Structures are given as structure tokens and as C-alpha cells.
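Undergrad: For the sequence shown, the numbering used here gives the first residue as 2, with consecutive numbering after it.
Every residue, glycine too, gets a C-beta built ideally from N, C-alpha and C.
Keep in mind that this is a model prediction, so the values were computed, not measured.
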Amino acid sequence: QVQLVESGGGSVQAGGSLKLSCAASGLNFSNCGSLHWWRQPTGKGRQLVSTTTNAGTTTYADSVNGRFIISQDNAKNTLYLQMNNLRIEDTGVYYCAAYYNFRDYWGQGTQVTVSS
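1) Give a yes or no on contact between the region 72-86 and the region 3-18, applying the rule of three or more CB pairs nearer than 8 Å.
2) Beta-carbon within less than 7 Å of residue 30's beta-carbon, same chain only, minus the 5 sequence neighbours each way: which residues are those?
3) Just grab the DSSP bridge partners of residue 63 for me.
4) Return the residue from the list 110, 108, 117 and 92 that minimises the CA-CA distance to residue 42.
5) Is residue 18 helix, strand or coil when you go by DSSP?
6) Could you compute how far the alpha carbon of residue 109 sits from the alpha carbon of residue 7?
7) Run through the DSSP bridge pairs and tell me what residue 11 is partnered with.
8) Thinking C-alpha only, which one of 11, 52, 3 and 66 is nearest residue 116?
9) Residues in its own chain within less than 7 Å of residue 107 by CB, not counting five upstream and five downstream?
10) Within its chain, find whatever has a CB closer than 6 Å to the CB of residue 114; leave out the 5 residues flanking it on each side and keep chain order.
11) Under DSSP, the beta strand (DSSP E) around residue 94 begins and ends at which residues?
12) Determine the direct distance from the alpha carbon of residue 101 to that of residue 3, and round the result to whole angstroms.
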């Protein structure tokens, strides 16, 4: 059974930093075609924040480019999102997702709240 568990969310003031983690079980991140971080602001749709692929490419939404860094540690089977210089508009529930064997797997999400 595949399970993705996010952690590291919390409340922070604007300009601060957080590092999110996504630990996987039942699935090896090194075998996934792509790994993603999404977020969902309250009352809005889900937004793709960042992607890393097994080809070694990484992409970011324009709104986070230069502030967020996606990375993975295959030995720990964990995906990370380092978030720096956080803004109020970064507030939302953050989800990790993995694309493997023609399926998407999702975590349950972790709340990030940025205040002024």
C-alpha cells in the first residue's frame, strides 16, 4: 500500500522560511517518473508549485521561482520543499504527489500559514 506523508507545515511570518517533507512508503521515489508539490489556498483550486522528474529537470511556478527549492533524498525516500522569503499568498495546504506506473499518488497535505 502506497502512502505519502507530508510534514513541516506551520505558521510563519512573512519573510520567514519553512521546509516541507514528504516521506513515502510502499513506493520508491527513485522509480517515479515525476514528483510534485501542489498547494491549495483556502477557497481556491489546487496549484502546481514545483516538479522534479527522473530526467533531472525541475520546474517551478512563476510565483515561487527563486524562493522555493524542490529536492529529494532517495536514501530516505523523501521529497522536500524548501520555502524561503514566504509571502502571505503562499498560505494554503501543501500536498506532495508522485507519478508512478501510470498513476498519481497523493499525500494528505500539510497546512502552511503565512502572516504579516
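TA: The answer reads as follows:
1) Between the region 72-86 and the region 3-18 there are three or more C-beta pairs closer than 8 Å, enough to call the two in contact.
2) The count along the sequence shown starts at 1 and reaches residue 30 at position 29. Result list for residue 30: 36, 73, 75, 78, 80 and 99, in chain order.
3) In the sequence shown, the residue the question calls residue 63 occupies position 62. In the DSSP output, where bridge partners are listed per residue, residue 63 has none listed.
4) Counting from 1 along the sequence shown, the entry for residue 42 is found at position 41. Cα-wise, what sits closest to residue 42 is 92.
5) To locate residue 18, count along the sequence shown from 1; it is residue 17. The answer is coil: DSSP assigns residue 18 none of H, G, I, E or B.
6) As a first step, residue 109 must be located in the sequence shown, where it is residue number 108. As a first step, residue 7 must be located in the sequence shown, where it is residue number 6. Looking at the two C-alpha atoms, the distance is approximately 7 Å.
7) Start at 1 with the first residue of the sequence shown, and residue 11 comes out as number 10. Note: residue 11 sits in a beta bridge opposite 113.
8) The residue you call residue 116 lines up with position 115 of the sequence shown. For the residues 11, 52, 3 and 66, the minimum Cα distance to residue 116 belongs to 11.
9) Taking the sequence shown and counting its residues from 1, one reaches residue 107 at position 106. Correct list, in chain order: 5, 96 and 98.
10) On the sequence shown, position 113 is the one that residue 114 refers to. Within the same chain, Cβ atoms closer than 6 Å to the Cβ of residue 114 are found at 12 and 92, the five residues on either side in sequence being excluded.
11) Position 93 of the sequence shown, counted from the start, is the residue given in the question as residue 94. Its beta strand (DSSP E) spans residues 93-101.
12) Walking along the sequence shown from the start, residue 3 turns up at place 2. Walking along the sequence shown from the start, residue 101 turns up at place 100. Taken atom to atom, the span from the alpha-carbon of residue 3 to that of residue 101 is near 11 Å.
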